[in-house]
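Input: a single structure, listed below in structure tokens.
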Amino acid sequence: MSWHRKHLLDIESLSAEEILTVLDTARGFKAVGERAIKKVPALRGKTVINLFVEPSTRTRISFELAEQRLSADVINFSTEASSFKKGETLKDTAKNLEALNADFIIIRHGASGAPHFLSRVVNSSIINAGDGAHEHPTQALLDAFTIRERKGKIAGLNVTILGDILYSRVARSNIWALTKLGAKVTLCGPSTLVPKTFEQMGCRVTHDVEEAIREADIIHLLRIQHERQRKTMFPSIGEYTSLFGLNQARLAKTKPDALIMHPGPINRGVEIDSEIADCERSVILQQVTNGLAVRMAVLYLVNGGKVAPETAG
Amino acid sequence: MSDTTVILDAVAIQRALTRIAHEIAERNLNGREVALVGIPAVGDHLAFRLGKFLAEIWKHPVHVGSLDVSMHRDDLDHRAAPTVHPTHVPFDVTGKTVVLVDDVLFTGRTTRAAMDALNDFGRPKYIQLAVLVDRGHRELPIKADFVGKNVPTRANEKVFVRLTEDKHAMDEVVLGKK
Chain A
1 MSWHRKHLLD
11 IESLSAEEIL
21 TVLDTARGFK
31 AVGERAIKKV
41 PALRGKTVIN
51 LFVEPSTRTR
61 ISFELAEQRL
71 SADVINFSTE
81 ASSFKKGETL
91 KDTAKNLEAL
101 NADFIIIRHG
111 ASGAPHFLSR
121 VVNSSIINAG
131 DGAHEHPTQA
141 LLDAFTIRER
151 KGKIAGLNVT
161 ILGDILYSRV
171 ARSNIWALTK
181 LGAKVTLCGP
191 STLVPKTFEQ
201 MGCRVTHDVE
211 EAIREADIIH
221 LLRIQHERQR
231 KTMFPSIGEY
241 TSLFGLNQAR
251 LAKTKPDALI
261 MHPGPINRGV
271 EIDSEIADCE
281 RSVILQQVTN
291 GLAVRMAVLY
301 LVNGGKVAPE
311 TAG
Chain B
1001 MSDTTVILDA
1011 VAIQRALTRI
1021 AHEIAERNLN
1031 GREVALVGIP
1041 AVGDHLAFRL
1051 GKFLAEIWKH
1061 PVHVGSLDVS
1071 MHRDDLDHRA
1081 APTVHPTHVP
1091 FDVTGKTVVL
1101 VDDVLFTGRT
1111 TRAAMDALND
1121 FGRPKYIQLA
1131 VLVDRGHREL
1141 PIKADFVGKN
1151 VPTRANEKVF
1161 VRLTEDKHAM
1171 DEVVLGKK
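Residue numbers (the working numbering), protein chains in the order written: chain A, 1 to 313; chain B, 1001 to 1178.
Okay, structure coming up:
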């Protein structure tokens, strides 16, 4: 057991041991979700603020449920109804939340590094729920949890991440987590969205989809993030689907036990055929279930991380 | 590890558990209403061993489970998050006599957390407590029903229960410094 962090800001700075601590802890919390009474008192009396400065449904709901199942008091704060519209800075907003004695701030923000910034200006524990195109650590942790649950291990597996890598914080966090845990990561997609520079993160880059998925144990699909693209990175959605979409013909050439993953929301008929999204090899909905357990585990660990290590015992 | 003392060796542990099993059987005449629930990381192994002894005494299988109490502890704000162990309670505790099994009874706070955690699984008719070692220093009004050995200790000492299930070469209970 090794967790002494007060924040979860990214995967890049975590050790493999810390990642495994989260995954092991999440196993216990997953079991809680299978009981008749799905609530434990671990964060009783604590206040958690979900500060979502960028739209999110599934991540916010998942965090919110995780917080409630840990018995925390929960406040949601979203862009639509916030003082950002009135010109308040992120720092001032956070300072106000801190003045309300928020123990945890879960932040989703369009600017990379926003959670890191907050961790320097307030005393609350900060958990990154996605910052720009930088990182989405809890997504990577739930993906790793799902892979380990289904495959029994992560080290040595071939993981192919297919799609919009350039704008994807999910991809970045997954690359860090999976390479630290010993998986062999391949990235694939249009060359405009999957630049060779990603090889510096310790993975392989290819633009040939059939080659990328042939030996894969895990095929991780990413959505094309229209909202983050400032200009058109490929000619059309139709062309993307025909060149990179996962269809039955392509799936037939993969390992029979390769798992299909997707962080959601899925665009049926674009990056994935509708039937494939619902097939036995798809673990997309298990990812959602596991996300809840992983987020409970992160909150639980980060709560203990506020205490100086020497007092533990 | 020079100033450590062996409190119980393998034979003494075996003898203590056998005696506890007989005491549980004496106290609870209907074995079919009894379930053993061990508190990890050591109490679950002890519960399993007691379950085997009791199955021989009662001539029928005995319910054995393990209950992680970390999420119910009252000291989560004062320590690094304790390791979460698997919880496995494959039977309904409602109406049963649940014997909680732990290796060492110290402040009583783990036992309190265990009773709290157990509530989430149902409403036992009775809860009893069996421990291998009672080392004193209680901070809560909690008392064990079945004790392997009472060991007076100092607050700065620690009791280590080492079992072969945890890949130790042999069973032993050792008193050492923290």
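In this text, a Cβ means the ideal position worked out from N, Cα and C, and glycines have one as well.
- For B/E1172, the secondary structure class from DSSP, reduced to helix, strand or coil, is strand.
- In the structure shown, A/L23 falls within a helical segment according to DSSP collapsed to helix, strand and coil.
- The Cβ atoms of A/M233 and A/L193 sit closer than 8 Å to each other.
- Near chain A, meaning a CB-to-CB distance below 9 Å, the residues of the segment 1048–1073 of chain B are D1068, S1070, M1071, H1072, R1073.
- Rounded to whole angstroms, the gap between the alpha carbons of A/L181 and B/L1175 is 38 Å.
- Nearest CB-CB separation between B/H1045 and chain A: not below the 8 Å threshold.
- Using a CB distance cut-off of 8 Å, A/G305 counts as an interface residue toward chain B.
- Between the alpha carbons of A/R27 and A/E17 lies a gap of roughly 15 Å.
- With 16 or more other Cβ atoms from the protein chains shown falling within 10 Å of its own Cβ, A/S124 counts as buried.
- Taking 8 Å as the upper bound for CB-CB distance, A/P190 and A/F104 are not in contact here, some 38 Å apart.
- For B/R1123, the nearest beta carbon of chain A is not closer than 8 Å to its own beta carbon.
- With a 10 Å radius around the Cβ and a threshold of 16 neighbouring Cβ atoms, B/D1075 comes out exposed.
- Residue pairing for A/I75: DSSP places it in a beta bridge opposite A/I49.
- The alpha-carbon of A/R5 is positioned some 20 Å away from that of A/S112.
- Considering only A/I154, A/G87, A/N247, the residue with the shortest C-alpha distance to A/I276 is A/N247.
- At a cut-off of 8 Å, the C-beta of A/I37 has a neighbouring C-beta in chain B.
- Cβ neighbours of B/R1019 within its own chain (closer than 8 Å, five residues either side excluded): G1148.
- Contact of B/H1137 with chain A by beta-carbon distance below 7 Å is absent, the smallest such distance being about 15 Å.
- A direct Cα-to-Cα measurement between B/H1063 and B/S1070 gives close to 22 Å.
- When secondary structure is reduced to three states using DSSP, A/G304 falls in the helix class.
- The Cβ of B/H1078 sits closer than 8 Å to at least one Cβ of chain A.
- Taken in chain order, the unbroken stretches of beta strand (DSSP E) that lie wholly in the segment 1044–1110 of chain B and span 3 residues or more are 1063–1066, 1097–1105.
- Along the segment 1093–1112 of chain B, none of the residues has a CB nearer than 8 Å to a CB of chain A.
- In this structure B/L1105 is buried. Its beta-carbon is surrounded by 16 or more other beta-carbon atoms within 10 angstroms.
- Within chain B, no residue has its CB atom less than 7 Å from the CB of A/Y240, the nearest being about 42 Å off.
- Residues of the same chain with a CB within less than 6 Å of the CB of B/N1150, apart from the 5 flanking positions on each side, are D1134 in chain order.
- Rounded to whole angstroms, the gap between the alpha carbons of A/T79 and A/L90 is 11 Å.
- Neighbours of A/H4 across chain B, judged by C-beta separation under 8 Å: A1080.
- As a beta-bridge residue in DSSP terms, B/A1130 pairs with B/V1101, B/F1146.
- The beta carbon of A/A129 sits no closer than 8 Å to any beta carbon of chain B.
- Excluding its 5 nearest sequence neighbours in each direction, B/T1094 has C-beta neighbours in its own chain below 6 Å: G1122, R1123, listed in chain order.
- Under the Cβ distance rule, A/F29 counts among the residues neighbouring chain B, one pair being separated by less than 8 Å.
- Per the Cβ contact rule, the segment 33–52 of chain A is not in contact with the segment 259–274 of chain A (fewer than 3 Cβ pairs under 8 Å).
- Taking CB atoms only, A/A42 has a neighbour in chain B less than 8 Å away.
- If you draw a straight line from the Cα of B/I1007 to the Cα of A/L97, it comes to about 53 Å.
- Closer than 8 Å to the CB of A/Y167 there is not a single CB belonging to chain B.
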